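2 protein chains.
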Amino acid sequence: MAHAPRPSKRTETRQEIERLILSAAEKVFANAGFKGATMQLIADAAGLPKANLHYYFTTKEDLYRRVVQDIFEIWLHAADSFDTAPDAATAIGAYIDAKMEISRRHPDGSKVWATEVMHGAPVIQDYLESTLRDWTDGRIKVIRNWIDTGQIAPIDPRHLLYMVWATTQHYADFGHQIETLNAGQPLSDADWHTAKAAIKSIILRGIGAAGSA
Amino acid sequence: MAHAPRPSKRTETRQEIERLILSAAEKVFANAGFKGATMQLIADAAGLPKANLHYYFTTKEDLYRRVVQDIFEIWLHAADSFDTAPDAATAIGAYIDAKMEISRRHPDGSKVWATEVMHGAPVIQDYLESTLRDWTDGRIKVIRNWIDTGQIAPIDPRHLLYMVWATTQHYADFGHQIETLNAGQPLSDADWHTAKAAIKSIILRGIGAAGSA
DNA sequence: ACACAACCTGACCAATCGGTCAAGAAAATT
DNA sequence: AATTTTCTTGACCGATTGGTCAGGTTGTGT
């Protein structure tokens with residue numbers, strides 16, 4: 012059954028440990044920032060001695076860079092619906108759903124990204140200027156096409172994108188504030204459903220995507 | 012003319028210096044986070060020797076707490092339009108304008124607030140649970156009233172508020188990303204006007220506040 | 001003019017942190 | 001079984017940082 016050159020037990024556990032460290036690092040970076048996160052805290056969260064972390068990731072910056080890059084990948088693929096959906100309303104609705112699901116499942120990743128950007132993107136500036144810029148330009152063209160074919164009202168595509176990003180990521184980045192305002196309770200399944208519905212309702216109606224009722 | 016007990020030269024300069032330090036601290040905290048901000052960096056930004064900072068603010072945490080509290084004050088008063096405006100569309104439009112203006116004029120403050128909340132609000136948790144919760148509940152009642160009187164569609168007031176917060180603050184917190192996607196240029200007057208118009212257009216139309224055309 | 005309080009600051013210290021290293025343990029290869 | 005490679009880890013180090021303090025300067029009230 013296993014035709015691919017089976018990975019040796021070594022490479023297998025190596026990847027497992029790397030994932031373990033990356034997961035612990037994501038959590039600690041999200042909750043303490045780059046400077047506030049110490050290698051010792053990450054090591055404790057991963058259940059490994061500190062020196063072992065430096066065997067897999069030579070420096071703290073290396074580890075951080077990997078965390079941010081992994082988030083960026085997840086982030087990019089959330090908008091595949093833009094190319095596959097049959098119409099604007101479906102595409103944007105699916106995009107909002109996907110981004111909300113990311114905010115729910117990967118809140119720590121979102122926080123790390125937010126902090127990185129807020130601090131001037133010291134380690135991923137090149138990604139912003141190349142990949143993200145190209146990606147954004149591409150989606151703007153798609154939105155322009157929706158406007159030209161009368162599927163949505165003539166709003167500024169750029170600010171529509173920003174609004175979707177801001178609103179969906181808010182539920183991850185400001186999750187603590189939202190939880191506090193929710194009587195200290197995490198959002199329930201129903202709460203998340205209500206949030207998604209409210210956001211899609213306002214935005215889709217707001218851009219005149221009638222096909223969403 | 013000066014009837015009020017004139018402040019001595021001492022208290023005058025004292026307040027000036029405190030403001031100078033607070034301003035420098037806000038900038039450094041915003042760009043480096045709490046841990047990343049060093050008292051030396053803040054001192055340099057303020058043009059004062061480090062030991063002098065400790066004369067006015069005993070600890071780094073004291074200084075940070077003051078910065079966050081000051082931001083919170085500005086933030087709260089941005090929604091006065093909720094009580095004074097004649098109708099929902101005017102009120103929400105004015106609130107969006109006010110919050111966008113804050114994002115433009117006080118981006119550093121917004122970033123400090125965002126980081127504080129993302130890290131679990133270690134120093135302002137009590138504000139979230141008291142002042143912010145009461146404030147939010149009050150505004151939700153106002154929005155409910157707008158719904159009951161048919162001024163806007165029956166959307167969830169809470170998520171409408173979150174959307175306004177998220178979208179407007181995005182222009183401060185993610186200003187660097189927006190600038191990068193804007194060919195590396197800061198938003199011009201015209202850009203800010205376009206952004207405000209797009210946001211108000213989508214949200215007001217999205218909640219069925221017809222009186223905004 | 002004098003005395004007292006408020007303010008300023010260079011030098012210093014203890015604590016913390018990222019990173020190193022040497023000495024071994026475990027696994028793969030021969 | 002021997003040998004080489006990969007992995008593990010406690011102990012350690014230099015650099016940085018928040019905070020202190022003693023001694024001096026400036027302003028205020030009498």
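These protein sequences, in sequence, are chains H and P. So for the first sequence, this note's numbering puts the first residue at 12; every next one is plus one. So for the second sequence, this note's numbering puts the first residue at 12; every next one is plus one. Where a beta carbon is used, it is the ideal one built from N, C-alpha and C, also for glycine. From a predicted model like this one, the values you see are computed outputs, not experimental measurements.
- Within the stretch 67-128 of chain P, the complete alpha helix (DSSP H) segments at least 4 residues long are 71-87, 92-95 and 99-116, listed from N- to C-terminus.
- Contact annotation, V134/P with Q188/H: C-beta distance approximately 14 Å; criterion of less than 8 Å not satisfied.
- Counting along the chain, A209/H sits inside the alpha helix (DSSP H) bounded by residues D200 to G217.
- In this chain, the alpha helix (DSSP H) harbouring D184/P covers P168 to D184.
- In the displayed model, T24/P falls within a helix according to three-state DSSP.
- For the stretch 26-51 of chain H, residues whose beta-carbon sits nearer than 8 Å to a beta-carbon of chain P comprise A41, N42, A43, G44, F45, K46 and G47.
- Put simply, the CB of F83/P is far from chain H, with every gap to its CB atoms at 8 Å or more.
- Not a single CB atom of chain P sits nearer than 8 Å to the CB of Y75/H.
- At least one C-beta of chain P is nearer than 8 Å to the C-beta of F185/H.
- The shortest C-alpha to C-alpha distance from H88/H to any of L52/H, T142/H and A99/H is the one to T142/H.
- In the assembly as shown, E37/P is a buried residue. Its beta-carbon has 16 or more other beta-carbons within 10 Å.
- Here M111/H has T179 and K207 as same chain residues with Cβ atoms under 6 Å from its own Cβ, once five neighbours each way along the sequence are excluded.
- Within its own chain, the residues whose Cβ lies closer than 6 Å to the Cβ of K211/P, once the five positions on either side in sequence are excluded, are G104 and I107, listed in chain order.
- The three-state reading of DSSP puts L64/P in helix, counting H, G and I together.
- Between H181/P and Y173/H, the CB-CB gap stays under 8 Å.
- Shown in chain order are the members of the stretch 116-128 of chain P whose Cβ falls below 7 Å from a Cβ of chain H: K122, A125, T126 and V128.
- Under the three-state reduction of DSSP, L143/P is assigned to helix.
- If the five residues before and after A48/P are omitted, its C-beta is found closer than 6 Å to the C-beta atoms of V39 and F40, all from its own chain and listed in chain order.
- At a Cβ-Cβ threshold of 8 Å, I158/P and P165/P count as neighbours.
- T191/P carries a helical assignment under DSSP once its states are collapsed to helix, strand and coil.
- If you draw a straight line from the Cα of E29/P to the Cα of E27/H, it comes to about 51 Å.
- A Cβ-Cβ contact shorter than 8 Å links A177/P with A177/H.
- Using a CB distance below 8 Å, the part of the stretch 134-157 of chain H facing chain P consists of Q136, L139, E140, L143, R144 and T147, ordered along the chain.
- Nearest to H170/H by C-alpha distance, out of F185/P, H170/P, Q162/P and I32/P, is F185/P.
- Against L171/P, the close residues of chain H are A209 and I213, in the order they occur along the chain (beta-carbon pairs closer than 8 Å).
- In this structure T22/H is exposed. Its beta-carbon is surrounded by fewer than 16 other beta-carbon atoms within 10 angstroms.
- DSSP, reduced to helix, strand and coil, places I163/P outside both helices and strands of the structure shown, so it counts as coil.
- Under the three-state reduction of DSSP output, L59/P falls in the coil class, being neither helix nor strand.
- Nearest C-alpha to G195/H among D98/P, N63/P, L74/P and A132/P: A132/P.
- With contacts defined by Cβ atoms closer than 8 Å, L31/H and A57/H form a contacting pair.
- In the three-state DSSP reduction, A35/P falls in the helix class (H, G or I).
- Residues of chain P whose Cβ lies closer than 9 Å to the Cβ of I218/H are, in chain order, S212, I213, R216 and G217.
- If you compare the alpha carbons of P97/P, K71/P and L33/P with that of D119/P, the shortest gap goes to L33/P.
- I163/H places its beta carbon 8 Å or farther from that of I218/P.
- Of the residues I82/H, T147/H, T101/H and D137/H, the one whose Cα lies closest to the Cα of S114/H is I82/H.
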